[in-house]
Each structure stands twice: as structure tokens, then as C-alpha cells.
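Numbering (the UniProt record's numbering), first residue to last: 1 to 566.
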């Protein structure tokens, strides 16, 4: 279904702010600091500090330039502590890291080897996340990219990394990593976990070409490696298949491009959103799939393992393991039950458990999406980035609003309701067709969206409510950010004003029903009238004409909704 509202660059330039200084390219690394009201940007040989409210305002600039003809692409920008950023660049194919002081915005010249932390080439895939001063990364450890690695770097501990084996990582393309803070609320005493998302070449099946599989992998924050087996290697590394498919058509979206974890106070209720495409790109389809964190934890905590097949002629190279599993469970974090057995560290895990996880890193049970299929399928669109906000709307419901960037510089805004994801807005953020490489939301103060590309940074409002010029359009937009203001007869962003009196807001929950409110009554806490959508009904809106009738075959579809004034 096409978006209800589309904007082109000629209009957007009035509302958006751009940051493309001359001579600087590759603005693909962004870091938000809402506490400082700044946006940090890693570009080619330069790091910028921009204002969150206006990215055209440059607060500071730091150069990370080489003394050679080769270039240094800033690929890692992570907050190390309150006063420093951890910065890594490709450094002429010899990755180098340093600390950036936020007091004077200068590198402190404490250079560190960047191998395993940062990609050698700006085109190589990689991902990083800083957790309590420790850098977790997924990238290539060598120049050729033939040695993939998931690792942890810490000032106080030695390097911890994956085993160099195709059964652990097989030509992965990393897209995202993040931490789930479940340690404090864990009922069994397990600690925080770091999740990685990537696409890799399948080890399970033999195919006429390289069959790609989207994966989710997990490691434990408290992992310190084994004593004899898996020394300085992860003892908690496990991976599973991410399923995003249309079972009824036997069609699989087997390449993951980006992931966002919508976190909640109870980590079990967090939701993972990902954008996928098919390995066979001529289909021209993109999909958004969502996963419950509780389902992910179920697979990693109780799922069966895979083992290598013994039949050499079989097309299936890995099969489900049905034998006895060692105790403690291979790949699990240290729990209270382990501590009762005097196993307080991964160093104390028995060799039998460690050898098993070394040989069986792949889980047999896949992670299935919510609803067993995509939330959204987009035709003739290639999604590259995704970010999500959970919005409390005026109808007393909470909605997930999804922003997806495309390879042509477009931004789609979608809303989850009635079990599906509906595109309500399309904006061409970039003047020239090029991929959006980074998407970030500022939701605490500034409430803007920031998109990074090779050519620059674009700052855009999260809602364009004022472009809906009538009460009907405002309500039928199904945008939870928007409401009709009866005093000024205008569509406004509800987050841009504290007083929510005299607002008429859309209801997104009932497909064949319009929800309307009396204009002189408050909309909070509940709607006043429900209007059936299968016959003409009276919709009271304070427009120049006194009233309107609505005939609605399906109120989700603007094309089938007709208004006539009396």
C-alpha cells in the first residue's frame, strides 16, 4: 500500500536542516548524546560535534588525518565515559583507535591497534557497542577480510574472541550489536547479554551457490573464557537462525540489513525489529520482521543444538543433535545454580561443557517472527536502515512507529496496529538518490530524526502534521504524533505542546470504524463516539463548512473514503 503522504526535496528543504561541509564525505558514523544536546559525526578524516537542535551549527571539529595519500575513514564512535569518546578509523588499511577528550575536543594521542575493533576498509561490514567501558565488536581481523571475529576489548581484561572456525562464523556481514540488561532482574542470576546480528553463508546446507542465512548470536557479559579449552575464547557463544519469510508462498527474506531493539523496562517485553531482503535481488522486495525478546531467550536457553552430519553425500551438512547434553548447559551464562556447584566463573566450567559448545555453536531451533511472518512487505523498495519509537497516543493506546531508510534516500514512516505495519508517510530526505546509511532518533528533548549518508547529514522532524490541512486528513492520517487542534483549526504534533486540551486525535485500532470526539470536550482520557464505517455517518469537525458526512468502505484506505459537505 502506498504511503498516505509523500514529500519531495523541494518541499523538505524548508523543514530539514543539512550538514554537508565542502571537501568532507562519508558521514556514516553517528553518535547521539542527549545529555549534552549534541550529535557526534564520524566522517572522512574528521570528527564533528553538532547541535541536536540544528545540525547546521558546528560546535567543534577534530581532524584525524594521516601523513600519507591514503585516507582515514572514522568508523567507530562510542562513549567511553562522561569525558571521552572512543574513536577508531581505517587509517590507510591499518585500523587505529584513540580517545577523544570532550573538554577540548582533541585526541589525547593514546593510540591503540584497531584490528578486530574497526574494519580495514570503509566498505567492510562491522558493528560495535560499548558496554561499561568494554568494546564489543564484530568485524574482520585481517586485511583480506577472511578472518571474521566477534570480540571484546577491555582495559582490565585480555582480548576475548570467537574461535577461528567456519562453524562459528562463515563469511559474516555484520549489521548490529546491542546489550540487553537482564542481570538485575534475572530470576536465575544470569548476567547481561550482548546480541549480534549478521548474515552469513550457510553451513547447514549444500547449495549450487552460497546460500545466505540471517543470524542472531549471543555472548555473556561476564564471560572470561575457559581454563584449558577455549582459552581467551567465548564460552557462551551461540547463534541461531532468524526467520523472516512468507510460508504460504515459500518465499524467504534471507539477508538482514539492519536491526533495532526497542527496549522496555522488563527486558522480556523488548521487541527486535529488522529489515530484510532476498538474496535474489531481482524480486525487488523488502520486509520488516519483528521478534519478541522472550522468544529469543527461549531459543538460546532451551533450544536444541546442531551437529555436523556424518553422511558425506548428503546435501544436509548439519543435523539436530539428539544425544545427551553436558551439564552445565553449553553456552549458558553463569547462573545461581552454577554458583551452588562452586562454578562462579567460566574459567571453572568443565572441559566437557566447553568442548561441546566449541563443536556445537549452532542452535537447531530458529527464532520465529511475531505473527510467523513479516509485519510489512514493500515492493520496489530496498530498505537499508531502521529505527523505532514507542509512542503513547491520545487514544490511551501505545503504538510502535517505525522509520525505515532506503537505498534511494527515502524515509518511510510506518505504524503498527491491527497486527500489521502500515506505511503512512514517505519523505525524500536526500536530494540525490543514494543509500541512507545511518538513522537515529532524538526522543528526549530535540525530537528530531537524523540520517547519515556519504554526502552529508539530514535533520528532519519526526512528524509533518501541519501538512494535513483538514480535520479529516489529520484524523485519517493514522499518525499517532498528530491531532486536530480545534481552536486554531490546524493539525499539530502533540509532542510539541504541553496542553492537550481541545485536540481531536485519530484512532488506529478499528479498521472499519472512525473515532470522533465532540469538539468542545477534552479527548483525554477516552473517545466519545464510535462511528460505523459501513454506512454514512456524521463526523463533527470544526471546519469552514459546518459538518461532513463520511462514507467509508474501509477506513484504512484513503482511496475508498469519500467526504461530502453539507
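Where a beta carbon is used, it is the ideal one built from N, C-alpha and C, also for glycine. Predicted model, so just to flag it, every value in this text is computed and none were measured.
Query                                                                                                                  : Result
Bounding residues of the beta strand (DSSP E) (the contiguous stretch that carries residue 293)                        : Counting along the chain, residue 293 falls outside any beta strand (DSSP E), though it belongs to the alpha helix (DSSP H) covering 293-302.
Those residues which DSSP pairs with residue 235 across a bridge                                                       : For residue 235, which the question treats as bridged, DSSP gives no partner whatsoever.
Status (buried if at least 16 other CB within 10 Å, exposed otherwise) for residue 445                                 : exposed
Distance between residue 72 and residue 143 (C-alpha atoms, nearest Å)                                                 : 15 Å
Whole-number beta carbon distance between residue 285 and residue 254, since they are thought to touch under 8 Å       : Not really, about 12 Å apart at Cβ, beyond 8 Å.
Given residue 190 as reference, the closest of 442, 336, 421 and 438 once Cα atoms are compared                        : 336
Beta carbon of residue 102 nearer than 9 Å to that of residue 87                                                       : no
Unbroken stretches of the alpha helix (DSSP H), 4 residues or longer, contained in the region 326-402                  : 336-340 and 351-359
Sufficient close CB pairs (3 or more, under 8 Å) joining the region 287-299 to the region 265-273                      : yes
For residue 200, the nearest candidate out of 239, 82, 480 and 93 (CA to CA)                                           : 239
Rounded straight-line distance, which links the Cα of residue 334 to that of residue 158                               : 19 Å
Environment of residue 549 [buried if 16+ CB atoms lie within 10 Å]                                                    : Confidence is the limiting factor: at residue 549 the pLDDT is only 39, short of 50, which leaves the residue's position unreliable, though a coordinate-based value still follows. When all chains shown are included, residue 549 counts as exposed.
Residue 467 - DSSP class collapsed to helix/strand/coil                                                                : helix
Sheet register partners of residue 96 (DSSP bridge)                                                                    : 89 and 113
Nearest-angstrom Cβ-Cβ length linking residue 435 and residue 384, presumed shorter than 8 Å                           : 5 Å
C-alpha distance - residue 202 paired with residue 245, whole-angstrom precision                                       : 17 Å
Rounded C-alpha distance that separates residue 512 from residue 477                                                   : Note that residue 512 scores 33 on pLDDT, short of 50, meaning its location in the model is unreliable and no value can be drawn from it.
Closest by C-alpha distance to residue 140, when choosing among 228, 105, 108 and 94                                   : 94
Alpha carbon of residue 327 to alpha carbon of residue 299, nearest angstrom                                           : 17 Å
Span of the beta strand (DSSP E), counted from its first residue to its last, around residue 148                       : 148-153
First through last residue of the beta strand (DSSP E) which encompasses residue 79                                    : 74-79
Assigned exposure category for residue 306 - 16 Cβ within 10 Å defines buried                                          : buried
Distance between beta carbons of residue 47 and residue 178, contact taken as under 8 Å                                : The Cβ separation is near 23 Å, so there is no contact.
Spatial neighbours of residue 174 in its chain, beta-carbon cut-off 6 Å, leaving aside the 5 residues before and after : 125, 126, 127, 138 and 198
Secondary structure of residue 475, DSSP reduced to three states                                                       : helix
Buried or exposed by the 16-neighbour rule on C-beta atoms within 10 Å, applied to residue 130                         : buried
Buried versus exposed, by CB contacts within 10 Å (16 or more), residue 168                                            : buried
In DSSP terms, what residue 268 is bridged to                                                                          : In the DSSP output, where bridge partners are listed per residue, residue 268 has none listed.
Environment of residue 259 [buried if 16+ CB atoms lie within 10 Å]                                                    : buried
Nearest candidate by alpha-carbon position, reference residue 318, set 297, 304 and 330                                : 304
DSSP three-state assignment for residue 248, whether helix, strand or coil                                             : helix
Beta-carbon proximity check, residue 276 vs residue 214, cutoff 9 Å                                                    : yes
For residue 207, the three-state DSSP class (helix, strand or coil)                                                    : coil
Beta-bridge pairing of residue 157 - partner residues as DSSP gives them                                               : According to DSSP, residue 157 bridges with nothing at all.
Residue 462 in three-state terms, based on DSSP                                                                        : coil
The region 221-231 touching the region 348-357, judged by at least three CB pairs closer than 8 Å                      : yes
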